[in-house]
Amino acid sequence: MRTEKIITQPLLWANISKFLPRYYSPSLTKHTRQMLGADNLRVVLPAIASLINQNDDSVETRTRVALALREVILELRELSAEYLLWHGTLGEAGFLEEAIGSERDPYALAAMSCALGAIKRRNTSMNNACKQARKPTLGEASAAYQHAIKILINAATPKDREYAFEIYRYAESVEPLTACTKGDLTQEFIFTRVSRFQLQAKLFAIPTEKFLYASDEIDRVVEFRDDFYGETAPELIPPVRDYFDAKRRSFGHIEKETDNVFGGLAHVGEDVSWQQDHQTVVAIANGLVRHVSCQASWGFMVIIEHCHPSGERFCSLHAHLGPYVCVAPGESVRMGQKIGSIGRSFSYENGGYFSHLHFAIHIGWFWQIYRTGSLVDARIDGKWYLGRVVKSDISETFLEIQARHGMRLVKKKTSWISGYISKDYWLQRNHGWVHPQKFLKGRLAPFSEPV
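For the sequence shown, position 319 matches number 320 in the numbering used here, and the numbering has no gaps at all.
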């Protein structure tokens, strides 16, 4: 109700822009459309992102956004394509084909190509939600989402799809605030969020549906374990527009010693593109998608393994993405191909943070087994230890740690995937993480100097 009052005042649009994409309520749509006419790009871009989540699939908005594909501003073309990824129909396909033919910006081009593919995948009728459809009266959002999913599984007529879309539209008015660092998310909360993702995947023809949403498990993780195939990666491109910033210090930043879950730890990636909801994220090089997951602290995450022309391997990690993941495990991707978009602020889909991309480079194959005698960190009973590897295989690793009451043998999952590592592990310089900006610029001897 407060937001409905604020959005009627153009002078306050800039203040509300960074929060608006969390809202689903159609009652905001009229004024959100008016924001498209603002002179401030920081108002217009969040307005487009917000109309995606308000499910404004009206002909008026689709046409207006499609025409923006011809605008001079790169970011506007890119985000307009993101809107069409969700709500575009065959009626806008011609605009996209025309724009793709003349587009030279790699990020806008990736977004447009992905949107055109999405339109061709899904049934046009389900994108034009019936304006006369009855408004759902189901109680709990999770029950409403599961009901809609069953409708789509058991029947797929246009009217069934229209009704399922209306359930999706009205079940919740706002994305519930998520703060993953508190660790107080209930299973019911997570189930509701995952149920919405499941329904989204079916309604919008998200490619990862059969992989990521194939079971009832919470925080489903899917990894492709077959041999590497695909082209080598002789060239690199940043994962997002305007990526390079020599002043950024997020890689290797060591947090202050606090009771926070990240207290005293070293950050092994770069956090970029803050408050850029729905910004396009692309593959930095040719490679193979190894991992796609949705987890409470990461949101949606994609990891790609790449093969350097020398034969050496490296992996790129992209986290805090939104639910429209455009690639699936086992898919071979090319440099500049869209893999997804940055998730919305404070939402479960991005881990509960202000919207941003966590991007990191790890040297080596995706499947790595620790060498016996090497030092690896592990979190045991809430405390970090630097332990010596006793035994390691593809699934688990046994470490010998110096605990309070003497030496202790513990085990952990064999995985290098992390956003933070202990300060001790970081300082020993054998962790495999490299500076992303320097790596992309070719300023590192990437397979000999970890940091």
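We treat Cβ as the ideally placed atom computed from N, Cα and C, and that holds for glycine.
Remember, predicted model here, so these are calculated numbers, not experimental data.
> Under the rule that 16 or more other beta-carbon atoms within 10 Å means buried, what is His406, buried or exposed?
Replying inline: Counting from one through the sequence shown, the residue named residue 406 turns up at place 405. By the neighbour-count rule (16 or more Cβ atoms within 10 Å), His406 is not buried but exposed.
> How many whole angstroms separate the CB atoms of Asn261 and Arg170, which I take to be in contact at a CB cut-off of 8 Å?
Replying inline: Taking the sequence shown and counting its residues from 1, the one referred to as residue 261 is at position 260. Taking the sequence shown and counting its residues from 1, the one referred to as residue 170 is at position 169. Wrong, their Cβ atoms sit about 37 Å apart, outside the cutoff.
> If you draw a straight line from the C-alpha of Glu104 to the C-alpha of Arg314, how long is it?
Replying inline: By 1-based counting over the sequence shown, the position of residue 104 is 103. By 1-based counting over the sequence shown, the position of residue 314 is 313. Cα to Cα, the separation comes out at about 32 Å.
> Ordered along the chain, which non-local residues of its own chain (more than five positions away) have a Cβ less than 7 Å from that of Arg327?
Replying inline: As a first step, residue 327 must be located in the sequence shown, where it is residue number 326. First, the amino acid is wrong: residue 327 is Cys here, not Arg. Non-local beta-carbon contacts of Cys327 in its own chain, meaning distances under 7 Å to residues more than five positions away in sequence, involve Cys115, Pro208, Lys339, Ile340 and Gly341 in chain order.
>> Given this structure, state the Cα-to-Cα distance separating Pro27 from Leu52, to the nearest angstrom.
In response: Residue numbering aside, residue 27 sits at position 26 when the sequence shown is read from its first letter. Residue numbering aside, residue 52 sits at position 51 when the sequence shown is read from its first letter. Going from the Cα of Pro27 to the Cα of Leu52 covers about 9 Å.
> Taking buried to mean at least 16 other C-beta atoms within 10 Å of its own C-beta, is Gln10 buried or exposed?
Replying inline: As a working mapping, residue 10 is identified with position 9 in the sequence shown. Taking all protein chains in view, the Cβ of Gln10 is surrounded by fewer than 16 other Cβ atoms within 10 Å, so the residue is classified as exposed.
> When the Cα atoms are used, what is the spatial distance from Gly365 to Gly312?
Replying inline: One-based indexing of the sequence shown puts residue 365 at position 364. One-based indexing of the sequence shown puts residue 312 at position 311. As the crow flies, the alpha-carbon of Gly365 is around 10 Å from that of Gly312.
> How about Ser81 and Val44: are their beta carbons less than 7 Å apart?
Replying inline: As a position in the sequence shown, residue 81 is number 80, starting the count at 1. As a position in the sequence shown, residue 44 is number 43, starting the count at 1. For the 7 Å CB-CB criterion, Ser81 and Val44 do not form a contact.
> Looking only at its own chain, which residues have a Cβ that is under 8 Å from the Cβ of Ser216, when we skip the five neighbours before and after it?
Replying inline: Within the sequence shown, numbered from 1, the residue matching residue 216 stands at position 215. Note that Ser216 has pLDDT 48, beneath the 50 cutoff, so the model's placement of it is unreliable and no number is given.
> From the DSSP output, which residues share a beta bridge with Tyr386?
Replying inline: As a working mapping, residue 386 is identified with position 385 in the sequence shown. Answer by DSSP bridge pairing, in chain order: Ala379.
> How many Å lie between Leu178 and Asp378 at the Cα?
Replying inline: If you number the sequence shown from 1, residue 178 lands on position 177. If you number the sequence shown from 1, residue 378 lands on position 377. If you take the alpha carbons of Leu178 and Asp378, they lie about 32 Å apart.
> Mind checking whether Glu83 and Ala67 have CB atoms under 7 Å apart?
Replying inline: Here residue 83 refers to the residue found at position 82 of the sequence shown. Here residue 67 refers to the residue found at position 66 of the sequence shown. No; because the gap between Cβ atoms is not below 7 Å, this pair is not in contact.
> Can you list the beta strand (DSSP E) stretches of 3 or more residues lying completely in the stretch 287-318, in chain order?
Replying inline: Runs of the beta strand (DSSP E) inside the stretch 287-318: 288-296 and 300-308.
>> Tell me the residue span of the beta strand (DSSP E) that contains Met2.
In response: Within the sequence shown, numbered from 1, the residue matching residue 2 stands at position 1. For Met2, there is no enclosing beta strand (DSSP E), since its DSSP letter is neither H nor E.
> CA-CA distance, Thr1 and Asn351?
Replying inline: No information on residue 1 is available, as it lies outside the stretch 2 to 452 that the chain covers here.
>> My output table needs one value for Gly118: the three-state DSSP class, helix, strand or coil.
In response: One-based indexing of the sequence shown puts residue 118 at position 117. Gly118: helix per DSSP, three-state reduction.
> What three-state label does DSSP hand Glu332 in the structure shown?
Replying inline: Taking the first residue of the sequence shown as 1, we reach residue 332 at position 331. Note: Glu332 maps to coil in three-state DSSP.
> Which two residues bound the contiguous alpha helix (DSSP H) that contains Gln147?
Replying inline: The sequence position of residue 147 within the sequence shown is 146, counting from 1. Unbroken alpha helix (DSSP H) run through Gln147: Ala142 to Asn155.
> Nearest CA to the CA of Ile304: which residue from Arg345, Leu266 and His363?
Replying inline: As a working note, residue 304 is residue 303 in the sequence shown. Comparing Cα-Cα distances from Ile304 to each of Arg345, Leu266 and His363, the minimum goes to His363.
>> Tell me which residue opens and which closes the alpha helix (DSSP H) that Tyr169 is part of.
In response: In the sequence shown, the residue the question calls residue 169 occupies position 168. That run of the alpha helix (DSSP H) goes Pro159 to Tyr171.
>> Assuming the contact rule is C-beta atoms closer than 8 Å, Lys413 and Glu397 should be a hit. Round their C-beta distance to whole Å, please.
In response: Taking the first residue of the sequence shown as 1, we reach residue 413 at position 412. Taking the first residue of the sequence shown as 1, we reach residue 397 at position 396. Here Lys413 really is in contact with Glu397; their C-beta atoms are around 7 Å apart, less than 8 Å.
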